[in-house]
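Colleague:
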Amino acid sequence: MVKFLGFFTTLFATPQFAFAFTLASTGFEGGWPGETLSFYYNSANCPAGVSSAMNKALEIWSNVPTSNLKLKLGGTSSVTPAQLIGSSAPTVPVIVCDPAFETNSTGTNGDFVGGYGFFTHSGGKIRYGGIVLNVQSGKNANINNFDASSLAILLAHEMGHVLGLGHSEYQPALMYYDISSKNELTLSQDDIDGMTYLYPRDEFKDGIYGCARISAVPPTTGAAALLCLLLPLIYLAYLRKESSPR
Amino acid sequence: MTEPRAVFTLKSMRKILALIIAGFASHSVHAEFSSGLGIFALNLNRTTTSNTAEKTLIGPMFYPVIVRYQTSAFWGDLRWAPYTSFTHLTTLAIKNETPDGTAKRNFAIVSSPLVYPMGPQWFLSAGPGLMYYELKGEGGTKVVNNGTGTTVFGVPSKTRSSKVFIFEIGSGWQINEYRIGVDLYFSGLSSDRLSTSFQASLSRSFGGQSW
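Sequence lines, in order, name chains A and B.
Take 10 as the starting number for the first sequence in the numbering used here and just add one per residue.
Take 1130 as the starting number for the second sequence in the numbering used here and just add one per residue.
Written out as structure tokens, the structure is:
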């Protein structure tokens, strides 16, 4: 399988926002509302590998240690590329595959662009967005030509745009504009910083360990095991105390 | 989304430190203070610094100041050694920035470990704490390549922070008045966000008696 030419654009977003990471627009500094975001998916015209790649992309953005955003698959959608691009999709964000990629997405070059993510915002928050993937026959950057790893990297990169990130000038970053040199789906600290800025985690406010308030859901075995590491120290101290002359 | 407030500003941290010092100064002649410098590596084996995106063990490095208080033994040989480790002072000399310098990064840890001596100079420690991670953007716009041309991107202009609970496990060596410590910090303990960070430190004790 050929390694795709990793050029990306966010055609329909208003000016993008970046640090080394940038934010995908000026005039907004917040992400999607809420702590959970569901991506919908219209599998029509999409190669089979998209579903698996999508799960990997959702997972990597969901597990940022200092961000509170959780992404999940929202289910299937019947939204067409034209509806998505025309801002009339009823459920967003949504991922679609477009066999008329260059026609529907004016200005894109299907030989170089494997897909793009975009959003629109109002009131400081992102309200609408999605990902359009290139499945136009005869085009070099048709995602049918991508291997599984490249497809996951592409989707994760475009998902980053939908979440509000712009491009980074830091080459190891997933949000670097050209991802053709990447062999693995990995975030750099720069990507993590972008997510942390847009979706900061506050375990004082959100509840310990993030998933729920500690009063409702106690720490699970992982946390309990680590907390129990305190016990050997206390036990050693107890033994020493008991054996010492009074 | 409400804007998180920066609770650990330099000013407020100075006040907190002053209160801690005042509160504990007369606790015991055997208690001690120490302060020093550390090297802190965030998110071990989780991020990449490689253009090909392979995971790298050590990501960005920070150089925090460490201020520690240690009680005398209060139960057997068990001691309590709360401390703070923060970069807000060293950032004046060593810039903690994102790769292109458009945002400052700082962190602070407040930890409350128990310490147990395993020998005359060697000790282990473990305990809970809190990590505060701050990003401060400089604002404005930036022209960045988008693959087929350039796009004007916004640069973050606000200060935002994450606060996560941590659990630390550490070991250290006390050699005369100097303390060498290595600590591992775990955050996101029961979730897929589990992350490990590392700190090595060298501190000097002031007053009191170490062991």
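Quick reminder that beta carbons are idealized off the backbone N, C-alpha and C, glycines included.
Between A/S224 and the rest of its own chain, which residues show a CB-CB distance below 7 Å, the 5 nearest in sequence each way excluded?
Modeller: Because A/S224 carries a pLDDT of 36, less than 50, the predicted location of this residue cannot be relied on, and no value is offered for it.
Colleague: Report yes if the CB atom of A/C277 is closer than 8 Å to the CB atom of A/V144, and no otherwise.
Modeller: Outside the modelled stretch of chain A, which goes from 10 to 255, sits residue 277 of chain A, for which no answer is possible.
Colleague: Can you have a look at B/A1222 and say buried or exposed, based on whether 16 or more other CB atoms are within 10 angstroms of its CB?
Modeller: Result: exposed.
Colleague: Closest to B/S1291 by C-alpha separation, out of A/L78, A/K65, A/T117, A/F110, would be which residue?
Modeller: A/L78
Colleague: Can you say whether B/G1336 is buried or exposed, counting buried as having 16 or more other CB atoms within 10 angstroms of its CB?
Modeller: A residue is called buried when at least 16 other Cβ atoms come within 10 angstroms of its Cβ; B/G1336 does not meet this threshold and is exposed.
Colleague: Nearest to B/P1228 by CA position, among A/R210, A/R136, A/S177, is which residue?
Modeller: A/S177
Colleague: In the DSSP assignment, find the beta strand (DSSP E) that holds B/L1218 and state where it starts and stops.
Modeller: Unbroken run through B/L1218: none, as it is neither H nor E.
Colleague: Closest to B/D1206 by CA distance: which of B/V1284, B/V1281, B/A1160 is it?
Modeller: Closest by alpha carbon: B/A1160.
Colleague: Is the beta carbon of A/N192 sitting closer than 8 Å to the one on B/E1183?
Modeller: yes
Colleague: Expressed to the nearest angstrom, what Euclidean distance is found between the alpha-carbon atoms of A/I188 and A/L164?
Modeller: 11 Å
Colleague: Is there at least one Cβ from chain B nearer than 8 Å to A/Q145's Cβ?
Modeller: no
Colleague: Mind checking if B/H1156 is an interface residue toward chain A, Cβ cutoff 8 Å exclusive?
Modeller: Note that B/H1156 scores a pLDDT of 45, beneath 50, so its modelled location is shaky; the value from the coordinates is reported in the next line. Judged by the 8 Å Cβ criterion, B/H1156 is not in contact with chain A.
Colleague: Can you tell me which of the three DSSP states A/F128 falls into?
Modeller: strand
Colleague: For A/S146, count neighbouring C-beta atoms within 10 Å of its own C-beta (all shown protein chains included) and say buried if the count is 16 or more, exposed if not.
Modeller: The residue in question, A/S146, is exposed, as its Cβ has fewer than 16 Cβ neighbours within 10 Å.
Colleague: According to the neighbour-count rule (16 or more other Cβ atoms, all chains shown, within 10 Å of its Cβ), is A/D156 buried or exposed?
Modeller: exposed
Colleague: Quick check: what's the CA-CA separation for B/A1210 versus A/E212?
Modeller: 23 Å
Colleague: Using a C-beta cutoff of 8 Å, does A/P90 count as contacting chain B?
Modeller: A/P90 does not count as touching chain B.
Colleague: Quick one, which of A/G58, A/F37, A/M63 has its alpha-carbon nearest A/G139's?
Modeller: Residue A/M63 is the option with its Cα nearest to A/G139.
Colleague: Quick one: give me the first and last residue of the beta strand (DSSP E) that A/G155 is part of.
Modeller: For the record, residue 155 of chain A in the displayed sequence is Phe; it is not Gly. Where A/F155 is concerned, there is no enclosing beta strand (DSSP E), given that its DSSP letter is neither H nor E.
Colleague: Could you name the residues of chain B that A/T191 contacts, counting a contact when the two beta carbons are closer than 7 Å?
Modeller: Residue 191 of chain A is actually Lys in this sequence, not Thr. Simply T1181, A1182.
Colleague: Closer than 7 Å between beta carbons: that is the criterion. Which residues of the segment 1253-1265 of chain B meet it against chain A?
Modeller: L1253, A1255, G1256, Y1262, L1264
Colleague: Between the beta-carbon of A/W41 and the beta-carbon of A/I104, is there less than 8 Å?
Modeller: no
Colleague: Quick check on B/T1231: buried or exposed, where buried means 16 or more other Cβ atoms within 10 Å of its Cβ?
Modeller: Result: buried.
Colleague: Is there a Cβ from chain B that is less than 8 Å from the Cβ of A/V105?
Modeller: no
Colleague: Can you tell me where the beta strand (DSSP E) with A/N64 in it begins and where it stops?
Modeller: Not the beta strand (DSSP E): A/N64 falls in the alpha helix (DSSP H), residues 58-71.
Colleague: When you compare the segment 1326-1334 of chain B with the segment 1269-1277 of chain B, are there three or more beta-carbon pairs, one atom per stretch, that lie closer than 8 Å?
Modeller: The segment 1326-1334 of chain B makes no contact with the segment 1269-1277 of chain B, as fewer than three CB pairs between them are under 8 Å.
Colleague: Going along chain B in order, which residues have a C-beta closer than 8 Å to the C-beta of A/G315?
Modeller: Outside the displayed span of chain A (10 to 255) sits residue 315 of chain A, for which this structure offers no information.
Colleague: A/F121 touches chain B at which residues, Cβ-Cβ below 9 Å?
Modeller: Identification of chain B residues near A/F121 by a Cβ-Cβ cut-off of 9 Å yields G1276, T1277, ordered along the chain.
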